[in-house]
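Its first residue numbered 23, the sequence shown is counted upward by one per residue in our numbering. This report concerns only the one structure given below.
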Amino acid sequence: MESIGRRIRNERERQGLTQDELARKMGYKNRSVVSTMEAATELSLKKVKKVAAALNVDPGYLMGYPSKKADVEIPFDADLKKAFEKLIAESYVKQVLSDTEIAIIKRYRELNDDQKQMILKMLDLK
Numbered sequence: 023m024e025s026i027g028r029r030i031r032n033e034r035e036r037q038g039l040t041q042d043e044l045a046r047k048m049g050y051k052n053r054s055v056v057s058t059m060e061a062a063t064e065l066s067l068k069k070v071k072k073v074a075a076a077l078n079v080d081p082g083y084l085m086g087y088p089s090k091k092a093d094v095e096i097p098f099d100a101d102l103k104k105a106f107e108k109l110i111a112e113s114y115v116k117q118v119l120s121d122t123e124i125a126i127i128k129r130y131r132e133l134n135d136d137q138k139q140m141i142l143k144m145l146d147l148k
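What follows is the structure in structure tokens.
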């Protein structure tokens with residue numbers, strides 16, 4: 023069975039990301055964190071969730087469970103708006119989210135965990 027570290031590396035490479043790019047998406051400045059994760063055979067659930075969010079995959083997928091990746095992959099780069107437009111065209115989201123709200127979601131996903139917690143507190147959601 024493939025290790026969690028191997029699945030992380032395979033998914034990162036499939037998405038064309040470097041270790042540095044993935045580290046930045048996870049809120050880290052140094053790729054050594056990603057390198058350590060990719061060598062691991064076990065990770066805490068918190069770390070699994072963090073890397074899964076950065077790669078836009080289900081945490082269960084990284085842990086080796088028979089789960090599917092997201093049906094619509096939303097990249098964290100310049101193609102984000104195009105991916106959202108595809109999703110909008112296929113669902114009711116077009117009626118619910120404005121372009122501004124989509125931009126807010128994009129920016130939120132780029133934040134590290136501490137920044138996300140600060141935003142949630144400001145909005146009285148935590």
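No residue lacks a Cβ here, since even glycine has one placed at the ideal position from N, Cα and C. Quantities reported herein were computed from a predicted structural model and do not represent experimental measurements.
Task: Limits of the alpha helix (DSSP H) - the one that glutamine 37 falls within - done: Counting along the chain, glutamine 37 falls outside any alpha helix (DSSP H), and DSSP gives it neither H nor E.
Task: Limits of the unbroken alpha helix (DSSP H) element including tyrosine 83 - done: 81-85
Open item on the list: Quick check on the DSSP output: the alpha helix (DSSP H) that includes alanine 62 runs from which residue to which?
Closed with: Element bounds for alanine 62: n/a, residue is neither H nor E.
Open item on the list: Tell me the DSSP secondary structure of methionine 144 in three-state form.
Closed with: DSSP places methionine 144 in the helix class (H, G or I) of the three-state scheme.
Task: Given 8 Å, three or more beta-carbon pairs between the stretch 27-41 and the stretch 123-133 - done: no
TODO: Give the DSSP-derived three-state secondary structure of arginine 46 in the structure shown.
DONE: In the structure shown, arginine 46 sits in a helix (DSSP, three-state: H, G or I).
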